[in-house]
Every structure is written in C-alpha cells, then in structure tokens.
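Colleague: The letter at position 119 of the sequence shown is residue 125 when you use the working numbering, and the numbering goes up by one with no holes. Next up is a structure, given as structure tokens.
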Amino acid sequence: MKIRTHLESLPPYAPIEPFEVLSARLGRTPDQIVKLDANENPYGPLKVVREALANMEFPHIYPDPESRALRKSLAEFTGVPAEYLMAGAGADELLDLLMRVFLEPNDCILSCPPTFGMYSFDAELNAARCVEVPRRADFSLDMDAIREAVETHKPKLFFITSPNNPDGSVLDSKTIDELLELPTLIVLDEAYIEFAGENLGASLSRIREVPSRENLVVLRTFSKWAGLAGLRVGYGAFPLWLMPTLWKSKQPYNINVAASVAAQVSLEHTDELAKTVELLKDERTRLMAGLQKIPYLKPYPTQSNFILCQVDGRNAAELKARLAQEFGVFIRYFNKPGLRDNIRISVGRPQDTDVLFSALAKVVVLRVKSRRSKVGRPLTFDLRPKKEKHANRRNITTDKRNTNYHQTGSGRHRQT
C-alpha cells in the first residue's frame, strides 16, 4: 500500500497552539493568559448566541445539507441572492473546495505573499503549484508582475486577500478592478472586511458584485467579527455557473447544527456585533499609538483586528518566547521572505492591551544589530497618550533577476 507521492513530502500545516494546551504547558489558568496570536475576537459570541446554543432543540438531527435558513439570513445581510451563496466549515473549507473543483495535478494558482498561508498549502495538497508574486514594500500589488505571471502560467485561480493577512492593508478599488480584468477566477478573501471602512465593511466589500461578474468569488467568515472561530462557519458568494459543481463536490453535512444556530442568531443581532467591532477598532487605535512609542518596534498601518510590527534591534523570536513564558502573553512571530523579524499582535480588550504594554516595558530581550540600547537592558518608553504619525514601512527585497514572481512547493509561507 502506498499513499499519494506528493503527500509524502508535504510539510504539515503549523497551527496556533490550542488555548487549553497553552494553559497546561505553562501552568497558567486561562485568565492568566493573554492570547493575541491568532486574530480571534476576545469578546467571543454575543450573550444571545450563547443562550441560543444552550437551548438548541435538535442537536441529534443531521443538519440541512444546503443550509437554507442560514443562506436566507446571509442573503438579507449581504444583499446577494441566496442562490449565489454557500456556507462552509469556515472559509478554509471553501478554499479547499474551490481547489478540488478546479485543479488537476500540476495546475497552478496565483497568490501575492506575504499573505494567508492556506492558499499554498491547499494547492500542494491538491498536487498543484503556487505561483507567488511578492507584494511591494508597502504591501501593494505589483500589477505588471501579476499580468506577466498570469500570461506565463495561466493560473486556474488567483487568491487575493483584503484586508491582507498579516499586514492589514486594503486593496484600493482601482486595483481590484484591474484584477477582475485578468483571464482567471479571482477569489477575494474578505475574512477581515468587517474591521475596515464603515458599516461592517459594506463600504469596501465587493460581495454584491458577484452576481454581475463571471470571474469573481468572495469569501467571508464568522470567526473574526462574530467571535465564532471555534465553531467553524464561513460563507462565500460564487458565480451561478459554478454553483452546481460546488454543490455536488462539498460534504453534505458540512455546517453542524451549533454553528448554523450561532451564525443565524449573530445575523439577527448585527447592531450589537457592530458595537463590538467598534470597540476593537477603538482599541486598535490605542494599541497602535502604544506600539509606535516602543523604540524597537515599527508597526504598519492596518484596517484589520491585528497589527504587524517589524522588530528592529531586538531578537524577535526571543521577544515572542519571553512574552509567553514570563508574562503569559502570546503573539505571532514571522521570519520569512518579506517578513524578516516581524511580529503580529491581535487587538484585544483594554485589559489585554494593558498586560501587553506592561510586559513590553519589563521584558529583557537580547540585543541584535542596533544603535538604540545596550546589551541585555530593557528599553524604557512612555505609553501615555501622545499624537504620533505611523512609523514608516520597511523595504522588502524582491527577486529581480528574471521576474518579480516565483513558484513554491515547500509550504514554508504559511500563517494563520
């Protein structure tokens, strides 16, 4: 017996450690851990959602395989007719479903790193290639290189994220319009759109354009804005020509009863959820202001529920480790092309930010090449309110030898 050859060399996806595992490993109770590493909503589901989950009537009955009630609610929320909508066990399931439907072995997809790592992972899982066109220093897209890559490799799918993970930048309308002119299916991942613009992202979203475009898919999730990450529920809007194949290809009972109930009740109380989102956006402003005052951190502007920072003059990996071990504060660390010595910090509650700031003021981290402080001594800084401009973005070097893009099959560019 032999498994598929390409799976033998496929590196496993490296997820964030579960909360209960962190608690046991560190010997800290859950209330002693500040988890800012996975872009989760620290407020969790609304109280009314928790009550609905506690009073579910039919958890012993298989769910509706077409999620009709949920899709009706989604149609009212998005303004997109239900026949264009499909629910998934998180947006991740829909990403995988698209690739299973479109990709033959050695086909390719296109993505623009640094970005969400599941695109390359799912492509490799389906024995396909991921052609990557690196973003510019300001995380904008290199449209000339993208057009060249599309013409050369003819990707079946082009995955693009806005707001982008891990930096939180939003694509401008002109850029998205240019992408939609390309001869490929554009999959626009709007996992964080509710934190951008106004009206839970409605001012920036392109989801209402799906019915009028043949080459646009928009994906969303309830994990971030609605606090349902643990229940795994997302959705997508797809062109009608694609829907019959998607329905035939998806698992029949992919949305469990609890996830469906939680999502529907959340959609009945979007005004309350909007207040939670505004709380996080306000705290994002406070977090940004504080991080800008720390001499060895360079935070980048963001329109999401996280802030990416370059670490300059301190060992970024050690900073992450010491914050966790000594203070119970968890952040994300990146050290890959385009993200050398970077950390990403999710926006938490005010008390979470307080703990983070206190830890950053106390932590002693090994100095690396820098002129800012002496070895082994913590930097001092003032976190009192003060108006400052955003720090300048750093430069990302792209490979200019032949083209501005490259292929990957290693799975080393993955992040949540």
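Beta carbons: idealized from backbone N, C-alpha and C, even for Gly.
(1) Only counting runs of 3 or more residues, tell me where the beta strand (DSSP E) segments fall wholly within the region 320-379, in order along the chain.
(2) Assuming A268 and V55 make a contact with CB atoms under 8 Å, what is their CB distance in whole Å?
(3) Under 7 Å, do L194 and V224 count as touching if we go by C-beta distance?
(4) Among the residues of its own chain, which have a CB less than 6 Å from the CB of G203, if the five just before and after it don't count?
(5) Take A397 and list the residues in its own chain whose beta-carbon comes closer than 7 Å to its own, dropping the five residues that flank it on each side.
(6) Thinking C-beta only, is V371 closer than 7 Å to E324?
(7) Anyone know if the C-beta pair for L279 and A330 falls short of 7 Å?
(8) Pick from S352, V239, D347 and D277: whose alpha carbon is nearest that of R290?
(9) By DSSP's criteria, L91 is part of a beta bridge. Which residues make up the other side?
(10) Would you tell me roughly how many angstroms separate the C-alpha atoms of P186 and N171, rounded to the nearest one?
(11) Counting pairs of beta carbons, one from the region 128-147 and one from the region 243-262, are three or more of them closer than 8 Å?
(12) Please work out which residues of its chain come closer than 7 Å, Cβ to Cβ, to L52, disregarding the five sequence neighbours upstream and downstream, and give them in chain order.
(13) Whose C-beta lies closer than 6 Å to the C-beta of T282 among residues of the same chain, with five residues either side of it excluded?
(14) Since A151 contacts V137 with CB under 8 Å, what's their CB separation in whole angstroms?
(15) Can you check whether the CB of S175 is closer than 7 Å to the CB of F145?
(16) Going straight from the alpha carbon of K368 to that of F201, what length do you get?
(17) Quick check: the region 26-39 against the region 341-356, are there 3 or more CB pairs under 8 Å?
(18) Restricting to Cα atoms, I'd like to know which of L101, G334, I182 and L366 is closest to I39.
(19) Can you give me the C-alpha to C-alpha distance between P119 and E63, rounded to a whole angstrom?
(20) If the criterion is Cβ atoms closer than 7 Å, does the pair A97 and A20 meet it?
(21) Please report the distance separating the alpha-carbon of V239 from that of D360.
(22) Across which residues does DSSP place Q424 in a beta bridge pair?
(23) Are there 16 or more other CB atoms within 10 angstroms of the CB of L13, so buried, or fewer, so exposed?
(24) Rounded to whole angstroms, how far is the Cβ of F83 from the Cβ of L116, which I believe are closer than 8 Å?
(25) Given a cut-off of 7 Å on the beta-carbon distance, is the pair D1 and Y302 in contact?
(26) Please say whether K326 and I313 have beta carbons closer to each other than 7 Å?
(27) Does the separation of the CB atoms of R77 and A88 fall below 7 Å?
(28) Assign E220 to one of two classes, buried (16 or more other C-beta atoms within 10 Å of its C-beta) or exposed (fewer than that).
(29) Alpha carbon to alpha carbon, how far is M92 from P47? Give it in angstroms, no decimals.
(30) Under the three-state reduction of DSSP, which class applies to L293: helix, strand or coil?
(31) How far does the alpha helix (DSSP H) with V216 in it reach, from first residue to last?
Modeller: The short version:
(1) 338-342 and 345-352
(2) 5 Å
(3) yes
(4) S209 and L210
(5) With a pLDDT of 38 at A397, under the threshold of 50, the modelled position of that residue is not reliable, and the figure given next carries that caveat. Excluding positions up to five away in sequence, the list reads Q298, K304 and P305.
(6) yes
(7) no
(8) S352
(9) A243
(10) Sequence check: residue 186 is Leu here, not Pro. The alpha-carbon atoms of L186 and N171 are separated by roughly 21 Å.
(11) no
(12) S272, H275, E278 and L279
(13) Y49
(14) Contact flag wrong, Cβ pair sits at about 10 Å.
(15) yes
(16) 31 Å
(17) no
(18) G334
(19) 45 Å
(20) no
(21) 31 Å
(22) Nothing can be reported for residue 424: it is not among the residues displayed for the chain, which extend from 7 to 422.
(23) exposed
(24) So it is not a contact: roughly 30 Å between Cβ atoms.
(25) Residue 1 lies beyond the range of the chain shown here (7 to 422); nothing can be said about it.
(26) no
(27) yes
(28) exposed
(29) The sequence given here has Asn at residue 47, not Pro. Between N47 and M92, the C-alpha separation is close to 23 Å.
(30) helix
(31) V216 -> no alpha helix (DSSP H), and no H or E assigned at all.
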